[in-house]
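Colleague:
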Amino acid sequence: MLANRKLILAHFWLAFAVFGVALTLGAWQMFIRSPIGTWLSNPELYYRSLTAHGTVMGYVFPTLVAMAFGYAISESALEQRLVGVRWAWTGFWLIVIGSIMAVIPIALGRASVLYTFYPPLIGNVFYYLGVVLVVVGSWIWVALMSINLHVWRKAHPGAAVPLAMYANVAGSYLWAWTALGAALELLLQIIPVAAGLKATIDAGLARVFFSWTLHAIVYFWLMPTYIAYYTIVPRAIGGRVYSDSMARISFILFLVVAMPIGMHHTFGDPQVGAGFKFIHSAFTALVALPTLLTVFTICASVEIAARLRGGRGLFGWMRALPWDNPMMLALAFSFIMLGFGGAGGLINMSYQLDASIHNTQWITGHFHLIFGGAIVIMYFAIAYDLWPHLTGRELIDLRMIRTQLWLWFVGMMVTTFPWHWVGILGMPRRMAYFDFGDPAIAPQALSVTLSAIGGFILLTSGILFLVILARGMRTPQADAGPYRFALAVHQQATVPLALNTHALWVALMIALTLTNYGYPILTLALTEGTSVPAVFVGAQ
Amino acid sequence: MSARDLFTFHNRHFRSGVGITAAILIVTAIAGFIVLPFAQPWVQFANVWDAICSAAGVPQRAANVAAPEQTRRLSEVVLTSHTLSRPSQEAIGRGATLAQRCAICHGPTGISRADSPNLAGQYAAVIYKELHDFRSGARTNAVMSPFAVNLTDQEIADLSNYYAYLPRLPAYHPTPQLPKPNIVIYGAPMRGIAPCGSCHGALDNKTGSPWLEGQSEAYMKAQLQAFASGERRNDISQQMRNIARAMTPQEIEQAAAYYASQPPDVVKAVD
Ligand code: HEM
Ligand SMILES: [Cu+2]
Chain A
1 MLANRKLILA HFWLAFAVFG VALTLGAWQM FIRSPIGTWL SNPELYYRSL
51 TAHGTVMGYV FPTLVAMAFG YAISESALEQ RLVGVRWAWT GFWLIVIGSI
101 MAVIPIALGR ASVLYTFYPP LIGNVFYYLG VVLVVVGSWI WVALMSINLH
151 VWRKAHPGAA VPLAMYANVA GSYLWAWTAL GAALELLLQI IPVAAGLKAT
201 IDAGLARVFF SWTLHAIVYF WLMPTYIAYY TIVPRAIGGR VYSDSMARIS
251 FILFLVVAMP IGMHHTFGDP QVGAGFKFIH SAFTALVALP TLLTVFTICA
301 SVEIAARLRG GRGLFGWMRA LPWDNPMMLA LAFSFIMLGF GGAGGLINMS
351 YQLDASIHNT QWITGHFHLI FGGAIVIMYF AIAYDLWPHL TGRELIDLRM
401 IRTQLWLWFV GMMVTTFPWH WVGILGMPRR MAYFDFGDPA IAPQALSVTL
451 SAIGGFILLT SGILFLVILA RGMRTPQADA GPYRFALAVH QQATVPLALN
501 THALWVALMI ALTLTNYGYP ILTLALTEGT SVPAVFVGAQ
Chain B
1001 MSARDLFTFH NRHFRSGVGI TAAILIVTAI AGFIVLPFAQ PWVQFANVWD
1051 AICSAAGVPQ RAANVAAPEQ TRRLSEVVLT SHTLSRPSQE AIGRGATLAQ
1101 RCAICHGPTG ISRADSPNLA GQYAAVIYKE LHDFRSGART NAVMSPFAVN
1151 LTDQEIADLS NYYAYLPRLP AYHPTPQLPK PNIVIYGAPM RGIAPCGSCH
1201 GALDNKTGSP WLEGQSEAYM KAQLQAFASG ERRNDISQQM RNIARAMTPQ
1251 EIEQAAAYYA SQPPDVVKAV D
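For the protein sequence lines, the chains are A and B, in the order given.
Per my numbering, residue 1 is the first one in the first sequence, and the count goes up by one each step.
Per my numbering, residue 1001 is the first one in the second sequence, and the count goes up by one each step.
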């Protein structure tokens, strides 16, 4: 039962429209700094583009996808009309206004500060206000998810919350709490300076606040993907979830340990004590656990589907899988990219190994593989799966969908493998120009060219994706029936209290944030003389 | 189902959730704050508390380690993009009077005939900083330093405002405009050199960086060489030394020749 289709479609369309624009910018960036591009002699244009690309891909696009998917889950998993539709539209319009507000100063070259803000660099105040509006809009969604679950609980006392909604609300709480770090940085530190009320800024403290957001935001991006792994894929390929409890535990673990680890982004920062860096590093190792649980559970669920279809043998069952089903294809691609990306992540995670790839192209290669690859390909899958239910029309051309997924996968491989490689060779990231005539980097020219070609493959795939969705709005009407989520092998009527509620885990998340961030933030905030003069973009 | 059934040690999920979390936190804290600090043989701690404070990043002065001796003075000027941004007419007038004694080298219109820098229309913050550095000894020059040592803060501000106010005239001996060399357009990312224009105008202006168009070629070359050798060190955080050191002698010549050949009216009107 999807009553508010317009609301959900609006979120998806806005998400994918801005995604299309940012994707084009990404392909251009890759091209313009590669040996096949002719350099335009103005790095400032590159950084404008990079700020827009990062801001859209990091903040606007995934947030809108999570919101759209969240509303869809709330209505279909709870089988209950969305409560607070007006508020939901308010949140949507805040994001529209915020995005426009942010993009104008970027386009004018007044906010080329990159999406990580880079204080003491300070851009136009409207850029930051725009980002704040986007976050506020998404907080409305967080509140609505919580309220809708609460209303449902009242009507179904003691019943097991459907897994999709349980995970969705966990993701929304994680987002609410992790976005707070960047919000504090913007409201307390950056915006007062950008508005001209102050001339100095504590860049070290700002970086710590940002690290509060920067890691767990990754898991917020990842939530829709993991929800799709557990609750869409098994149903779509005719199987069942291997274990409902295991799924809940994975989401709980993300909630608890995604937060107190962000300082692995400040390994090189002198203002943070080594003891805290160690604790954050150790907790970072723990965050691999829910992903390993997920990979195990999903592989088992897929095997169940294969055996139900008559697959046999130790590995022979794989042949029985419905490989022409786009969902199967997307899952397989996503897992391959998750595997490679995860292996790379182990390197980033450790203090010593990280030193050799810190701030190199390896990092950008890594997160494009995981985020742009493993995560975003499941966003595509979610859209394909939901589209018929949202439009009341069928997506007819499965071949085109498979082509699109293949192109994304191949494009991501061609783009990110050489990207990692040049990073290992020491090529720095966030550079607008490389002189490939210089013997020091001439050997990297081939790798960077390959990445640029991969970028255009990705762009092609992205355009195809938009075409498929647009055509899906025009096909003949067809009733897709109610939207359903996968069932577990052992579908339980009741779930232990702790696995059916979030309170305990939210409390642990907040407690660990206080233990792991409290002291560093307090000392930095209370120590005198730690501020430096702000550097204004474009000012003399 | 209520919070009371959950937040109690009778609930096994509460027990294990809180227990495991606390255990991990305690173990990592002991490792990070006690074991690992002492595992560094090159660091000495007075006691366990000392080690914990160090690992926590408590701001502290190292007790008996003398600060490295500074053989030369460093620049102590603090600039913001608002420094001297709104001069009064009187300040400019006072500056004009004071500037008479500068004219012998820097020219009566602020355009030098003697390979000294042209000051006409230079950013106020730049002149302000250099005069302060000459006065404090962070920058030295046999001819210039004696002029600067006796200036007051007020005089420095007035002089800066006056020269910033003068029109940007073409150099005394204009040369044909040269094309941009690579080092100016691109810098050299692999050597950590940003394009010159990302601080010195053209692309962006960073506070305290002068515009360079039409300056004397010999002067700019000498300054780049002085930065490269470390003879001049009043650039804050070694901003210019890091760049000059990474430049080849050829690139230094190309950059100096290029900027010397540019008319100053191409400087972006940003102020
Ligand atoms: C056509 C496909 C894409 C290409 C060719 C591309 C290319 C790039 C390039 C060249 C950079 C700048 C790296 C640097 O200068 O260090 C970048 C940054 C980034 N990209 Fe992409 N990108 C693509 C797709 C995506 C996707 C799908 C996402 C996520 C949804 C994404 C998220 C980001 C983010 C968050 C940054 C960081 C911006 C920053 O460093 O400030 N990109 N991308
Ligand atoms: Cu992280």
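Don't be surprised by glycine CBs; every beta carbon is placed ideally from N, CA and C.
Predicted model, so just to flag it, every value in this text is computed and none were measured.
Residues in its own chain within less than 8 Å of B/A1046 by CB, not counting five upstream and five downstream?
Modeller: Within the second sequence, numbered from 1, the residue matching residue 1046 of chain B stands at position 46. Excluding sequence neighbours, B/A1046 sits near nothing in its chain.
Colleague: Using the beta-carbon of each residue, which ones in chain B are nearer than 9 Å to A/I279?
Modeller: Sequence index remark: in the first sequence, residue 279 of chain A carries index 279 (1-based). Result: L1025, T1028, A1029, A1031, G1032, F1033.
Colleague: Is the beta carbon of A/H368 within less than 8 Å of some heavy atom of ligand 2?
Modeller: Here residue 368 of chain A refers to the residue found at position 368 of the first sequence. It does not: the Cβ of A/H368 is nowhere closer than 8 Å to a heavy atom of ligand 2.
Colleague: Could you tell me if B/C1102 is buried or exposed, where buried requires 16 or more neighbouring beta carbons within 10 angstroms of its beta carbon?
Modeller: Against the second sequence, residue 1102 of chain B aligns to sequence position 102. Burial call: buried.
Colleague: Specify, as a first and last residue, the run of the alpha helix (DSSP H) that A/G541 falls within.
Modeller: Nothing in the structure corresponds to residue 541 of chain A, since chain A is present only between 1 and 540.
Colleague: Can you list the residues of chain B that A/Y351 reaches, using a CB-CB cut of under 7 Å?
Modeller: Your numbering for residue 351 of chain A matches position 351 in the first sequence. Ordered by position in chain B, no residue passes the 7 Å Cβ test against A/Y351, which lies about 11 Å from the chain.
Colleague: I'd like to confirm something about B/H1013: is its beta-carbon nearer than 8 Å to some heavy atom of ligand 2, or not?
Modeller: Locating residue 1013 of chain B in the second sequence gives position 13, counting from the first residue. No, the beta carbon of B/H1013 sits no closer than 8 Å to any heavy atom of ligand 2.
Colleague: Please decide whether B/G1121 counts as near chain A, where near means a Cβ-Cβ distance under 9 Å.
Modeller: In the second sequence, the residue the question calls residue 1121 of chain B occupies position 121. Chain A, which has no Cβ nearer than 9 Å to the Cβ of B/G1121, makes this no.
Colleague: By the 10 Å Cβ neighbour count, where 16 or more other Cβ atoms means buried, how is B/C1196 classified, buried or exposed?
Modeller: Mapped onto the second sequence, residue 1196 of chain B falls at position 196. Per the 10 Å Cβ criterion, buried.
Colleague: Can A/V208 be considered in contact with ligand 2, in the sense that its beta carbon sits closer than 8 Å to one or more heavy atoms?
Modeller: Numbered from 1 along the first sequence, position 208 holds the residue referred to as residue 208 of chain A. Flag unset: Cβ of A/V208 not near ligand 2.
Colleague: Measure the beta-carbon distance from A/Q361 to A/V287 and round it to whole angstroms, keeping in mind my assumption that it falls under 8 Å.
Modeller: In the first sequence, the residue the question calls residue 361 of chain A occupies position 361. In the first sequence, the residue the question calls residue 287 of chain A occupies position 287. Contact doesn't hold; Cβ gap of about 24 Å is too wide.
Colleague: Rounded to whole angstroms, what is the Cα-Cα separation between A/H280 and A/L214?
Modeller: Here the question's residue 280 of chain A lines up with position 280 in the first sequence. Here the question's residue 214 of chain A lines up with position 214 in the first sequence. If I take the Cα positions, the gap works out to 13 Å.
Colleague: Over the uninterrupted alpha helix (DSSP H) stretch that includes A/Y115, give me the two end residues.
Modeller: If you number the first sequence from 1, residue 115 of chain A lands on position 115. Note, A/Y115: premise wrong, no alpha helix (DSSP H); not H, not E.
Colleague: Figure out for me which residue from A/H358, A/T38, A/G181 has the closest Cα to the Cα of A/I521.
Modeller: Looking up residue 521 of chain A in the first sequence gives position 521. The candidate whose alpha carbon is nearest that of A/I521 is A/G181.
Colleague: With a Cβ-Cβ cutoff of 9 Å, do B/G1121 and B/L1169 count as a contact?
Modeller: Indexing the second sequence from 1 puts residue 1121 of chain B at position 121. Indexing the second sequence from 1 puts residue 1169 of chain B at position 169. Yes; because the gap between Cβ atoms is below 9 Å, this pair is in contact.
Colleague: For a quick check, are the C-beta atoms of B/L1131 and B/S1112 less than 9 Å apart?
Modeller: What you label residue 1131 of chain B is simply residue 131 of the second sequence in a count that begins at 1. What you label residue 1112 of chain B is simply residue 112 of the second sequence in a count that begins at 1. No; because the gap between Cβ atoms is not below 9 Å, this pair is not in contact.
Colleague: Per the DSSP calculation, B/I1193 is bridged to which residue(s)?
Modeller: Within the second sequence, residue 1193 of chain B is the residue found at index 193, counting from 1. Paired residue(s): B/A1188.
Colleague: Would you say A/L544 faces chain B, with C-beta separation under 9 Å as the test?
Modeller: The structure shown does not extend to residue 544 of chain A, since chain A is modelled only from 1 through 540, so no value can be given for it.
Colleague: How about A/P234: is its C-beta nearer than 9 Å to some C-beta of chain B?
Modeller: Residue 234 of chain A sits at position 234 when you count from the first residue of the first sequence. So, not an interface residue.
Colleague: Which residues, in order along the region 1231-1251 of chain B, keep a beta-carbon less than 9 Å from a beta-carbon of chain A?
Modeller: Here the close residues number zero.
Colleague: List, from N- to C-terminal side, the alpha helix (DSSP H) runs of 4 residues or more that fit wholly inside the region 443-512 of chain A.
Modeller: Segments of the alpha helix (DSSP H) lying fully in the region 443-512 of chain A: 445-471, 497-500.
Colleague: Check each residue of the region 433-464 of chain A: if its Cβ is closer than 9 Å to any Cβ of chain B, include it; give the result in chain order.
Modeller: Cβ contacts with chain B: Y433, F434, D435, G437, D438, A440, I441.
Colleague: Would the beta-carbon of A/I543 be found less than 8 Å away from any heavy atom of ligand 2?
Modeller: Residue 543 of chain A is absent from the structure shown; chain A starts at 1 and stops at 540.
Colleague: Could you work out which residue in A/V241, A/D397, A/F456, A/A534 is closest to A/L469 when comparing CA atoms only?
Modeller: Residue 469 of chain A sits at position 469 when you count from the first residue of the first sequence. For the residues A/V241, A/D397, A/F456, A/A534, the minimum Cα distance to A/L469 belongs to A/D397.
Colleague: Let me know the secondary structure DSSP gives A/I201 once reduced to three states.
Modeller: Translated into the one-based positions of the first sequence, residue 201 of chain A becomes position 201. Residue state, collapsed to three classes: strand.
Colleague: Kindly indicate which residue of B/C1105, B/A1171, B/Q1223 has the alpha-carbon position closest to the one of B/V1143.
Modeller: As a working note, residue 1143 of chain B is residue 143 in the second sequence. Taking only the C-alpha atoms, the option nearest B/V1143 is B/C1105.
Colleague: Less than 6 Å between C-beta atoms, sequence neighbours within five positions excluded: which residues of the same chain meet that for A/V347?
Modeller: Sequence index remark: in the first sequence, residue 347 of chain A carries index 347 (1-based). The sequence shown places Ile at residue 347 of chain A, not Val. Cβ within range, chain order: L353.
Colleague: Indicate the three-state DSSP secondary structure (helix, strand or coil) for B/F1009 in the structure shown.
Modeller: By 1-based counting over the second sequence, the position of residue 1009 of chain B is 9. Looking at B/F1009 - three-state DSSP - the assignment turns out to be coil, as it is neither helix nor strand.
Colleague: Could you check what DSSP says for A/H358 in three-state terms: helix, strand or coil?
Modeller: The sequence position of residue 358 of chain A within the first sequence is 358, counting from 1. Coil, per DSSP.
Colleague: What ranges does the alpha helix (DSSP H) occupy inside the region 218-269 of chain A, keeping only unbroken runs of at least 4 residues that lie completely in it?
Modeller: Segments of the alpha helix (DSSP H) lying fully in the region 218-269 of chain A: 233-236, 244-257.
Colleague: Does B/M1190 have its Cβ less than 9 Å from a Cβ in chain A?
Modeller: Numbered from 1 along the second sequence, position 190 holds the residue referred to as residue 1190 of chain B. It does; some Cβ of chain A falls within 9 Å.
Colleague: How would you label B/R1241, buried or exposed, when you count the other beta carbons within 10 angstroms and need 16 or more for buried?
Modeller: Mapped onto the second sequence, residue 1241 of chain B falls at position 241. So B/R1241 counts as buried.
Colleague: Just checking A/I357 against ligand 2 - is the residue's beta carbon closer than 8 Å to any of the ligand's heavy atoms?
Modeller: Position 357 of the first sequence holds residue 357 of chain A. The answer is no for A/I357.
Colleague: What's the call for B/K1180, buried or exposed, on a 16-neighbour Cβ count within 10 Å?
Modeller: As a position in the second sequence, residue 1180 of chain B is number 180, starting the count at 1. The residue is buried, with at least 16 neighbouring Cβ atoms inside 10 Å.
Colleague: State yes or no: is the C-beta of A/G262 nearer than 8 Å to some heavy atom of ligand 2?
Modeller: Against the first sequence, residue 262 of chain A aligns to sequence position 262. A/G262: yes, Cβ under 8 Å from ligand 2.
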